[in-house]
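In the numbering used here, the protein residues as written are 19 to 136.
Every residue gets a Cβ at the ideal spot worked out from N, C-alpha and C, and that includes glycine.
Computed from a predicted structure; not experimentally measured.
Step one of this worksheet: look at the structure below.
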Amino acid sequence: MKNNEDITKNVNGSEKSNASKIDAIKELIFGENIQEYNEEFETLKKDILNKKQELQELISTVESELLQSIDSLSTDINIRVTELENTVNDKLDDLGDKKADRKLLSELFIKLGEKIAE
Numbered sequence: 019m020k021n022n023e024d025i026t027k028n029v030n031g032s033e034k035s036n037a038s039k040i041d042a043i044k045e046l047i048f049g050e051n052i053q054e055y056n057e058e059f060e061t062l063k064k065d066i067l068n069k070k071q072e073l074q075e076l077i078s079t080v081e082s083e084l085l086q087s088i089d090s091l092s093t094d095i096n097i098r099v100t101e102l103e104n105t106v107n108d109k110l111d112d113l114g115d116k117k118a119d120r121k122l123l124s125e126l127f128i129k130l131g132e133k134i135a136e
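Here is the structure:
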């Protein structure tokens, strides 16, 4: 015969262990809630993973657009600096053999600096 602590008699006389009764009670009380919680957690987990994927795609798109904008800006700046260098060289060539006017040169370099700063 089984241990008295592990076995109890039902009202109708059948024997059940205490552990199985406790498990049955837990299932009755919490079973449905636990299943609902598990379903909610799974739904939230899927939603978070979907949002993560969307964010990664958005980050990739923004990164690509930024790199393209930086490249375009770099090209534009290089063109402007080249144009400014050509302008300064043209002005210096116009001076030719004349005495270099310091005021004119300083104004040209100031304008060049301002253009570069833009």
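Compare the Cα-Cα distances from residue i to each of the options and report the closest residue.
{"i": "lysine 129", "options": "Gln86, Asp111, Leu113 and Glu103", "result": "Glu103"}
Thinking C-beta only, is residue j closer than 8 Å to residue i?
{"i": "isoleucine 134", "j": "valine 99", "result": "yes"}
{"i": "leucine 85", "j": "lysine 109", "result": "no"}
So, at 8 Å on beta carbons, what are the nonlocal neighbours of residue i in its own chain, with the 5 sequence-adjacent residues on each side left out?
{"i": "glutamate 137", "result": "Absent from the model: residue 137. The displayed extent of the chain is 19 to 136, so no value can be given."}
Sorry if obvious, but does the Cβ on residue i come closer than 7 Å to a heavy atom of the ligand GTP?
{"i": "leucine 102", "result": "Summarising the ligand content, the structure contains no ligands, and the ligand GTP is consequently not present."}
Tell me which residues share the same chain as residue i and place their Cβ nearer than 6 Å to its Cβ, disregarding the 5 neighbours each side in the sequence.
{"i": "asparagine 30", "result": "Interpretation of asparagine 30 is limited by its pLDDT of 45, a score under 50 that renders its predicted location unreliable; the figure taken from the coordinates is listed afterwards. Within the same chain, asparagine 30 has no close Cβ partners at all."}
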